Amino acid sequence: MKGVAARSEGSVRLGPGTLYGALKRLLETGLVEESGERADPERGDERRRYYRLTPFGLSVARAEARRLDAMVRAARRKKLIGVRSA
Amino acid sequence: MTAERMYLLLLRGYPPEFRAKYGREMVLLFRDQCRDGDVRSVGFWVTVVCDVARSAPALRVEAWRRRASENTQTVEVIMKIAGMLTGLLAGFGVVGAVGEWVAGSKGAMGGSYVLAVILGVLASVLLLGAGVAILLGARWGRQPIRLALFASLAMAVAARLLFPWMSIFSQLVGFGLPVALLIALYWPSKTSTFKAA
């Protein structure tokens with residue numbers, strides 16, 4: 002949750018309900034899977050479950066990133082972004 | 060009341076199966092939130108309640124949909140069994156009515172008797188057709204099956220009123236089965252093989 006807030010510069014704040022609701026759907030669609038390994042065994046709480054992207058999830062994430070990249074490039078060409086307002 | 064107890068109460072907004080799977084982890088995350096935020100502030104609780112209000116209804120709807128879909132599958136199995144039973148009983152009905160015709164033909168047959176037996180045979184044939192259609196999954200929808208059942212019921216009633224030749228068992232099958240199947244076919248259901256026409 003902290004990671005999402007930090008990466009989105011505070012614009013996206015996930016609560017436990019939103020986070021686990023999304024995780025449940027991601028698991029059901031096969032985009033993520035439960036992982037036995039802990040990212041940081043020193044810090045990790047063994048009661049928590051850990052999740053990782055599946056190869057399918059990774060390809061979907063890449064495709065979505067490409068789609069967003071194309072949209073951003075189109076917005077730049079149209080001078081909707083990247084231009085300082087007068 | 061502690062913050063965690065309050066949160067456990069809020070968690071009751073989520074479907075039981077979701078709570079069973081993720082509840083413990085959600086409480087652990089909530090503890091992290093409590094450590095990082097001011098539990099006594101209104102803003103903290105507004106964020107927590109908003110999170111539950113935003114996510115719980117959607118998950119409840121998902122759970123209801125899943126349950127409805129599972130129920131639909133059960134109903135479909137029951138309908139297949141009912142279709143088989145209907146086909147079997149209607150088959151016996153046709154044989155019985157024909158037997159009645161053969162037995163009756165040995166003596167003098169009145170007009171109302173002949174008509175009653177013909178109606179009995181037709182009612183059984185329609186019931187048999189409805190049973191087979193239910194068994195095959197009724198690709199063309201429910202409406203023809205409903206019409207066949209209505210017609211079968213009307214004919215069975217007319218046959219009984221014209222001449223009292225049917226046994227109690229035949230009457231139970233002739234009246235009860237179409238009524239039971241019509242109730243089942245008019246029962247609202249989602250994404251069933253027996254799609255509403």
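Those sequence lines, one after another, are chains U and D.
Quick note on the working numbering: the first sequence kicks off at 2 and runs consecutively.
Quick note on the working numbering: the second sequence kicks off at 60 and runs consecutively.
Idealized CB from N, CA, C, for every residue including glycine.
Remember, predicted model here, so these are calculated numbers, not experimental data.
Please list the terminal residues of the continuous beta strand (DSSP E) segment that includes Y73 of chain D.
Counting along the chain, Y73 of chain D falls outside any beta strand (DSSP E), and DSSP gives it neither H nor E.
Helix, strand or coil, according to DSSP, for S114 of chain D in the structure here?
helix
Closer than 9 Å, CB to CB, is M2 of chain U near chain D or not?
yes
Where does E29 of chain U fall in DSSP's three states?
helix
Touching by the beta-carbon criterion (3+ pairs, under 8 Å), the region 212-232 of chain D and the region 150-161 of chain D:
yes
Quick one: which chain D residues come within Cβ less than 9 Å of A55 of chain U?
This sequence places Thr at residue 55 of chain U; Ala is not what is there. Within 9 Å Cβ-Cβ: nothing; T55 of chain U doesn't reach chain D, min ~19 Å.
Over what stretch of residues does the beta strand (DSSP E) that includes R8 of chain U continue unbroken?
It is not in any beta strand (DSSP E) - R8 of chain U instead sits in the alpha helix (DSSP H) that spans 3-8.
DSSP bridge partner residues for E135 of chain D (one or two, in chain order):
In the DSSP output, where bridge partners are listed per residue, E135 of chain D has none listed.
Using a cut-off of 7 Å between C-beta atoms, extract the partners of G11 of chain U located in chain B.
Protein chains U and D are contained in the structure displayed, whereas chain B is not.
For R14 of chain U and R8 of chain U, the rounded distance between their alpha carbons:
10 Å
Output yes if chain U places a C-beta closer than 9 Å to the C-beta of V107 of chain D; else output no.
yes
For A292 of chain D, which option in D:F77, D:R78, D:D97 has the closest C-alpha, if you only look at C-alpha atoms?
Outside the displayed range of chain D (60 to 256) lies residue 292 of chain D, so it cannot be described from this structure.
At a cut of 8 Å, does the region 117-132 of chain D reach the region 143-153 of chain D through at least three beta carbon pairs?
no
Rounded to the nearest angstrom, how far is the Cβ of V238 of chain D from that of L206 of chain D, given a contact under 8 Å?
Not a contact, Cβ separation roughly 15 Å.
Contacts that T1 of chain U makes with chain D (C-beta to C-beta distance below 8 Å)
Since the first and last residues shown for chain U are 2 and 87, residue 1 of chain U lies out of range.
To the nearest angstrom, how far is the alpha carbon of F253 of chain D from that of A71 of chain U?
With a pLDDT of only 49 at F253 of chain D, under 50, the local geometry of the prediction cannot be trusted, and no value is derived from it.
Roughly how many whole angstroms lie between the Cα atoms of I140 of chain D and L59 of chain U?
45 Å
Helix, strand or coil at L186 of chain D according to DSSP, with G and I counted as helix:
helix
Interface flag, L32 of chain U vs chain D, CB-CB below 9 Å:
no
S128 of chain D (DSSP reduced to helix, strand or coil)
helix
Within a Cβ cutoff of 8 Å, which residues of the same chain sit near T250 of chain D, ignoring the five residues on either side of it in sequence?
Low per-residue confidence applies at T250 of chain D: pLDDT is 47, beneath 50, and the placement is therefore not dependable, though the value from the model is reported in the following sentence. S128, T131.
Drop a sphere of 10 angstroms on the beta-carbon of Y245 of chain D, count the other beta-carbons inside from all chains shown, and report buried for 16 or more, exposed for fewer.
exposed
Listed in chain order, which residues of the region 84-98 of chain D have Cβ atoms closer than 9 Å to some Cβ of chain U?
E84, M85, V86, L87, L88, F89, D91, Q92, D95
Buried or exposed for L69 of chain U, going by 16 or more other Cβ atoms inside 10 Å?
exposed
Using a beta-carbon distance below 9 Å, is G16 of chain U in contact with chain D?
yes
To the nearest angstrom, how far is it from the Cα of G169 of chain D to the Cα of L178 of chain D?
14 Å
Mind listing which residues of the region 124-157 of chain D have their C-beta closer than 7 Å to chain U's C-betas, in chain order?
none
Measure how close the beta-carbons of V61 of chain U and L24 of chain U come, nearest whole angstrom, since I'm counting them as under 8 Å.
Not confirmed; about 15 Å, so no contact.
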